[in-house]
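Enquirer: Sending over a structure as structure tokens; questions will come in a sec.
Chains as they are written, first to last, in the numbering used here: chain U, 1 to 394; chain G, 1 to 448.
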């Protein structure tokens, strides 16, 4: 190589080096069957004891004179546990070996405030620890250094959950792909994109970078998902709409690793029976339709579903036909290739309570570790405290 | 002072200043301007929305039905919301802006979410009363406030069953910071705060000798039968406490990126001056480095800074509903910090959703457009029961429009636009309204 060529190629190389990250073409993580996780957050604290019912335990019926689910009505899973009668869909998933129930999930020194406990679950912190980043956000930060695409973690409703906020990377909230895309196509937004060169001021660069990434993600999400028309029938629930959207995304080949859906209304202090029945109907019907939808298009091989609440409810009912804030709760995992199907561990020990509340035996962060390591196949040590170990359900 | 420096100063000691006001200050020095603000009477700006008589009668608490109890909680929550908008409007209108801005700093430093209007108001007033005072006075008053005693469970901190929550946050978040104490220090100091409680009829601090642990404690290598006051004294003797506080104030008032040399200078000054916050603020705002280019337009506006600053610039007082909705959409609601660590700030304010909103909202407000808000369905009872769509009323032609293009750019942007962006703005030089709409829609407008 003569000197002239050398100068040419090195200046080319340095030019390439100068191209800001967000203008480079998208880089995907290892493709082969694009694995993803769908997380469903049940906000307000679902009453786990009336969801997976210990129907052979007298203590349950003693503690819940007016709101216990009668033994004859439960959908029996084992000789100790049965689903709430409206959860026929979950029962079918259970029978097909697609569902795992993890009992007594919580964390040390449980906090009974909805907000604080949601924070703890979303950031995967300890009870006395305050983190500004969510566990999915840290997954984005740590496992995908080279790519800056917010659509890797997608929240099905605005605003963006703390769970999806990392320190250098964040997911994106999309209520409606078309609407979001149209917003980014408004003239003033387009004009900003034209001015997205590097700025001397670091925060200015960060804002322009976020503008560029938002536009690129909105375009990619809209254009990819519109190639697929989802005709599978869904029940008329809010959660079903979110999950139908997720199924459309997955079937259209969207390269998203984590979908975050949520459903509210579980804070059943008063007249719990009717309200929870409606909520569990929505949950069971929506999730089942989602799984059936993915199976119908042969796309259920790469999806794992995690369903959780910020805490459970007290064992003993209150005076108004409801239950108050509790501690440990059950968590559901639905996946095509479970190592442990059905009940993962023992039902709650109702004789051995902590001041009237269930004692946790499984730290929720060990479930996150399992999903990150065994499903998304990333080293979870930088994301979640790995000393808390993994479970063997997946 | 140079006009540019006046704009910079006022964005940090307050929420901005108009061109006409700024021009009248050109003959003044920073020292004069700061001293005027520091002179503010300690009782100025007290919030007086809620009195003890407004609170529900606790005597018949036991006879209330669950539904009545729920309604009562809702009533209290509604009053906290009123308190929120009352303070927001005060932030927009108060002539004592440094006092309000510093109160806002302490509101985030001693973050507390009690959802009780009287206690919330009382804590806010404490933070205002002692905003410029020696930090010890503020810390003591906050530590003994019913709001904090309740929020950090110190009412449950008794000799027989110590509760460490307050002791832990006192060190981690309020004074010395992580890494400067041990778990044993938390345990020992929690015992010193046993018996700190409050009377929930009059909402005043009480010391309960019967539940206080008088036995000997060993805290940070010192041993004695310490009280809570002793623990606070020991913490303030540590220079790390001064450094921790100065770092936070520097990030808030000067630059999110802290200059370690200046931090040491401030720490030494604050410590030597018995943590006199007023003196520290004067030193910051009269130092040459405060006016260096590297410290201008560096920080991302907090949502409160954004809303209040915008309202002042364009002479708008948003409706109560709109004030709450705007805060919620951008993720900072006064009196509702995410947790005791407060709002993280900086880049944490920004994600795709909040940035799109923040870029879009100024022009919508100026044009009197309709805003549609989207909320997660996670905790409906906390979703404020506000409308999803609000028709805004727009802004009367502000005085701003009568100024030249260069003057308008200088007044509205603290972050220097790139040459390319400046050309884009100069392209609409003859149309001041278009110019203003363009400026407030730029990412640069998000900074101060």
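Note that beta-carbon positions come from the ideal geometry of N, C-alpha and C, so glycine has one too.
Quick caveat: nothing in here was measured; it's all calculated off a predicted structure.
At the level of alpha carbons, what is the spacing between residue 113 of chain G and residue 149 of chain G?
Expert: Whole-angstrom Cα-Cα distance: 12 angstroms.
Enquirer: Distance, Cα to Cα, residue 231 of chain G vs residue 218 of chain G?
Expert: In a straight line, the C-alpha of residue 231 of chain G is about 10 angstroms away from that of residue 218 of chain G.
Enquirer: Quick one, which of G/442, G/412, G/104, G/119 has its alpha-carbon nearest residue 359 of chain G's?
Expert: Checked all of G/442, G/412, G/104, G/119; the closest Cα to residue 359 of chain G is G/442.
Enquirer: Are the C-beta of residue 23 of chain U and some C-beta of chain G separated by less than 8 angstroms?
Expert: Caution is warranted here: a pLDDT of 38 is assigned to residue 23 of chain U, below 50, making its placement in the model unreliable, and the coordinate value is therefore given only provisionally. Residue 23 of chain U does not count as touching chain G.
Enquirer: Does residue 303 of chain G have its Cβ less than 8 angstroms from a Cβ in chain U?
Expert: So, not an interface residue.
Enquirer: Distance, Cα to Cα, residue 404 of chain G vs residue 428 of chain G?
Expert: If you take the alpha carbons of residue 404 of chain G and residue 428 of chain G, they lie about 12 angstroms apart.
Enquirer: Kindly confirm or deny that the segment 310 to 330 of chain U and the segment 374 to 387 of chain U touch, where touching means at least three C-beta pairs closer than 8 angstroms.
Expert: As far as the Cβ criterion goes, the segment 310 to 330 of chain U does not touch the segment 374 to 387 of chain U, which means the pair count is below three.
Enquirer: Does residue 19 of chain U have its Cβ less than 8 angstroms from a Cβ in chain G?
Expert: Model confidence at residue 19 of chain U stands at a pLDDT of 38, short of 50, so the residue's coordinates are unreliable and nothing is read from them.
Enquirer: Tell me where the beta strand (DSSP E) around residue 312 of chain G begins and ends.
Expert: Taken as a continuous stretch (DSSP letters only), residue 312 of chain G belongs to no beta strand (DSSP E), being part of the alpha helix (DSSP H) at 303 to 313.
Enquirer: Please name the residue in U/247, U/174, U/126 whose C-alpha comes closest to that of residue 291 of chain U.
Expert: For the residues U/247, U/174, U/126, the minimum Cα distance to residue 291 of chain U belongs to U/247.
Enquirer: Taking only beta carbons into account, state which residues of the segment 131 to 165 of chain U come closer than 7 angstroms to chain G, listed in chain order.
Expert: Listed by position, the residues of the segment 131 to 165 of chain U near chain G (Cβ gap below 7 angstroms) are 132, 150, 157, 158, 159, 160, 165.
Enquirer: State the Cα-Cα distance for the pair residue 203 of chain U and residue 306 of chain U, rounded to the nearest angstrom.
Expert: Spanning the two alpha carbons is a distance of roughly 36 angstroms.
Enquirer: For chain G, find out if any of its Cβ atoms is closer than 8 angstroms to the Cβ of residue 175 of chain U; answer yes or no.
Expert: Yes - at least one Cβ of chain G is within 8 angstroms of the one on residue 175 of chain U.
Enquirer: Helix, strand or coil: which one does DSSP assign to residue 23 of chain U?
Expert: The predicted model places residue 23 of chain U with a pLDDT of 38, which falls under 50 and marks its position as unreliable, so this point remains unresolved.
Enquirer: Three-state secondary structure (DSSP) at residue 22 of chain G?
Expert: Looking at residue 22 of chain G - three-state DSSP - the assignment turns out to be helix.
Enquirer: What residues from the segment 395 to 429 of chain G come within 8 angstroms of chain U, judged by C-beta to C-beta, listed N to C?
Expert: The residues in question are 415, 416, 418, 420, 421, 424.
Enquirer: Determine whether the Cβ of residue 119 of chain U lies closer than 8 angstroms to any Cβ atom of chain G.
Expert: At least one chain G Cβ lies under 8 angstroms of residue 119 of chain U.
Enquirer: Let me know the secondary structure DSSP gives residue 219 of chain G once reduced to three states.
Expert: DSSP places residue 219 of chain G in strand when its eight states are reduced to three.
Enquirer: Hey, is the segment 40 to 52 of chain U in contact with the segment 169 to 189 of chain U, meaning 3+ C-beta pairs nearer than 8 angstroms?
Expert: Result no; under three Cβ-Cβ pairs closer than 8 angstroms.
Enquirer: Using alpha carbons as the reference points, say which of U/240, U/245, U/239, U/216 lies closest to residue 226 of chain U.
Expert: The shortest Cα separation from residue 226 of chain U among U/240, U/245, U/239, U/216 belongs to U/245.
Enquirer: Which value, in whole angstroms, describes the spacing of the CA atoms of residue 82 of chain U and residue 266 of chain U?
Expert: Approximately 20 angstroms between the Cα atoms of the pair.
Enquirer: Within this structure, are the beta carbons of residue 286 of chain U and residue 239 of chain U separated by less than 8 angstroms?
Expert: Yes, these two residues count as a Cβ contact at 8 angstroms.
Enquirer: Thinking just about the alpha-carbon of each residue, which of U/381, U/44, U/87, U/293 is nearest to the one in residue 283 of chain U?
Expert: Closest by alpha carbon: U/87.
Enquirer: List the residues of chain U that residue 356 of chain G touches, going by C-beta distances under 7 angstroms, in chain order.
Expert: Per Cβ cutoff of 7 angstroms: 183, 214.
Enquirer: Span of the beta strand (DSSP E) holding residue 370 of chain G?
Expert: It spans 370 to 372 - the beta strand (DSSP E) in which residue 370 of chain G sits, taken as one unbroken run.
Enquirer: Tell me the DSSP bridge mates of residue 260 of chain U?
Expert: Partner(s): U/39, U/155.
Enquirer: Which of helix, strand or coil does DSSP assign to residue 309 of chain U?
Expert: It is a strand residue.
Enquirer: What residues in its chain sit with their C-beta under 6 angstroms from that of residue 263 of chain U, if we drop five residues either side in the sequence?
Expert: So the qualifying residues of the chain are 42, 239.
Enquirer: For residue 154 of chain U and residue 242 of chain U, I'd like the C-alpha separation in whole angstroms.
Expert: Approximately 11 angstroms between the Cα atoms of the pair.
Enquirer: Enumerate in chain order the residues of its own chain whose CB-to-CB distance from residue 88 of chain G is below 6 angstroms, with the five nearest sequence positions on each side excluded.
Expert: Same-chain partners within the cutoff: 323.
Enquirer: Around the C-beta of residue 22 of chain G, are 16 or more other C-beta atoms found within 10 angstroms, so that it is buried, or is it exposed?
Expert: The residue is buried, with at least 16 neighbouring Cβ atoms inside 10 Å.
Enquirer: Let me know the secondary structure DSSP gives residue 166 of chain U once reduced to three states.
Expert: Coil at residue 166 of chain U, not helix or strand.
Enquirer: How many angstroms separate the CA atom of residue 297 of chain G from the CA atom of residue 253 of chain G?
Expert: Rounded to whole angstroms, residue 297 of chain G to residue 253 of chain G spans 12 angstroms at the Cα level.
Enquirer: Beta carbon of residue 49 of chain G, beta carbon of residue 82 of chain G: below 8 angstroms?
Expert: Yes, they are a contact pair.
Enquirer: With distances taken Cα to Cα, identify the nearest neighbour of residue 319 of chain G among G/284, G/335, G/386.
Expert: Residue G/386 is the option with its Cα nearest to residue 319 of chain G.
Enquirer: Give the straight-line distance between the Cα atoms of residue 282 of chain G and residue 141 of chain G, rounded to the nearest whole angstrom.
Expert: If I take the Cα positions, the gap works out to 23 angstroms.
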